[in-house]
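Participant:
Residue numbers (our numbering), protein chains in the order written: chain A, 8 to 204; chain B, 1148 to 1224.
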């Protein structure tokens, strides 16, 4: 178990260093995903299986998918096809695949051994975490739910259509009203009143 | 120094992840679940931060058409 911990730690450090030194965003993202998976193995070897599963599901699953989507949306230029061709060269994948192979060999070894109680401070099982999370830390759960709601509203507000389009639509409407009222801006502004008689 | 906004957000994720490793290691050392609970809160905070941050990155890219953090200096800070 200690050997697995040290190997996963070395993989995490190497892939993190490679993450912050890559020039291409997609390469850095690949190494970052490998780094998060290595940290998940570290958590499992430290006796925290719930956190290891959440690291894989939320960090490497959800947050990294957000990054992939944003990088995909930002590469809509003409050089996107050329860059795509460069990314599919094959030697790009060697580093992450090697590091991930180390990790998966380690996970298979740990599952086949299936003795979790050898770690340093003992295993903290998910039942203990759940009891503490909804017992003394209940107010923290409520606060983090409010934080997530705020982030949801903020992301919706920032992701709305850009303001020039809305102004253009209103300008077009007022232009039409102005033309309809024969160029008189007062009648164009009071369209409801001018239609009445 | 990296000035790409995507790399800045990735580095923030790495730093938050390192904090989480420290919390979980401390909780595992004493056999208490508090470290894992702090990691869950860090996880929720990181998800909120990265969603708002990436929305801001998209908005800045539509404004300036590059990802340089120095391009967004209208406030002259």
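Virtual Cβ for every residue (Gly too), placed ideally from N, Cα, C.
#1: So the alpha helix (DSSP H) residue 1184 (chain B) belongs to, where does it begin and stop?
#2: Distance check for residue 1162 (chain B) and residue 21 (chain A), CA to CA, integer angstroms please.
#3: How many Å lie between residue 1212 (chain B) and residue 166 (chain A) at the Cα?
#4: Using only the alpha-carbon positions, how far apart do residue 30 (chain A) and residue 149 (chain A) sit?
#5: Could you pull the start and end residues of the alpha helix (DSSP H) that residue 1164 (chain B) belongs to?
#6: Would you call residue 28 (chain A) buried or exposed, if buried means 16 or more other Cβ atoms sit within 10 Å of its Cβ?
#7: What is the DSSP secondary structure of residue 132 (chain A), counted as helix, strand or coil?
#8: Let me make sure I understand the geometry here. Which of A:54, A:120, A:168 and A:69 has the alpha-carbon closest to that of residue 1170 (chain B)?
#9: Whether or not the region 59 to 76 of chain A and the region 98 to 105 of chain A are in contact is what I'm after, with contact meaning three or more pairs of Cβ atoms, one per stretch, closer than 8 angstroms; do they touch?
#10: Under a CB-based cut-off of 7 angstroms, is residue 50 (chain A) close to chain B?
#11: Does the Cβ of residue 25 (chain A) have 16 or more other Cβ atoms within 10 Å, making it buried, or fewer, making it exposed?
#12: Using 8 angstroms as the cut-off, can you tell me whether the region 1152 to 1167 of chain B makes contact with the region 29 to 47 of chain A, which would need three or more C-beta pairs spanning the two stretches below that distance?
Facilitator: Looking at the atomic coordinates:
#1: 1181 to 1211
#2: 15 angstroms
#3: 16 angstroms
#4: 40 angstroms
#5: 1152 to 1177
#6: exposed
#7: coil
#8: A:54
#9: no
#10: yes
#11: buried
#12: yes
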